[in-house]
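Undergrad:
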Amino acid sequence: MSVKKAFTDTARFTSSDPEPLVAASLACGACLKRPVTVLLVEGDDVAVAISWCEVCGVATEVTLNPEQLLRIAMKPPGSMLIQTVN
Ligand SMILES: [Zn+2]
Numbered sequence: 000m001s002v003k004k005a006f007t008d009t010a011r012f013t014s015s016d017p018e019p020l021v022a023a024s025l026a027c028g029a030c031l032k033r034p035v036t037v038l039l040v041e042g043d044d045v046a047v048a049i050s051w052c053e054v055c056g057v058a059t060e061v062t063l064n065p066e067q068l069l070r071i072a073m074k075p076p077g078s079m080l081i082q083t084v085n
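Numbering-wise (numbering that gives the first Met the number 0), the sequence shown opens with residue 0 and increments by one.
(1) Would you check if there are 3 or more beta carbon pairs closer than 8 Å linking the segment 47-54 to the segment 27-38?
(2) Residue range of the beta strand (DSSP E) that S50 falls in?
(3) DSSP on V61, reduced to helix/strand/coil?
(4) Looking at the unbroken beta strand (DSSP E) that takes in V40, where does it start and where does it end?
(5) Just mark A5 as buried or exposed, buried being the case when its beta carbon has 16 or more other beta carbons within 10 Å.
(6) Taking 9 Å as the cut-off, decide whether the C-beta atoms of D8 and V61 are in contact.
(7) Q67 bridges to which residues according to DSSP?
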C-alpha cells in the first residue's frame with residue numbers, strides 16, 4: 000500500500016468570512032475538491048483539520064487557530080461531516 004504525500008497548509012479565513020471561503024480553505028491540496036469528512040484534532044494552541052480526498056486519495060492537513068476551529072465546529076461549511084478528536 001502506497002502512502003501519498005500529505006499537503007499541509009494554514010487556514011486563512013476569519014470567523015466572519017462567508018461559507019465558501021471556509022470550505023475552500025479545507026479543500027484538497029492537489030485537486031481542490033472539497034472534503035466530505037473533516038477530522039478536527041485539537042491541540043494546546045492550534046488545531047489541525049485533516050481530510051482525505053475522495054478523488055485522488057491525498058491527505059490534506061490545515062492548521063487552524065482557535066477562532067477558526069470554533070467557526071468550523073459551530074457552522075460546518077456545506078455538507079461536510081465534522082468529527083472532533085480531543
Ligand atoms: Zn484531491
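Where is the CB? At the ideal position from N, CA and C, for every residue including glycine.
TA: Once the coordinates are examined:
(1) yes
(2) A46 to W51
(3) strand
(4) T36 to E41
(5) exposed
(6) yes
(7) DSSP, once it has assigned bridges, lists no residue as partnering Q67.
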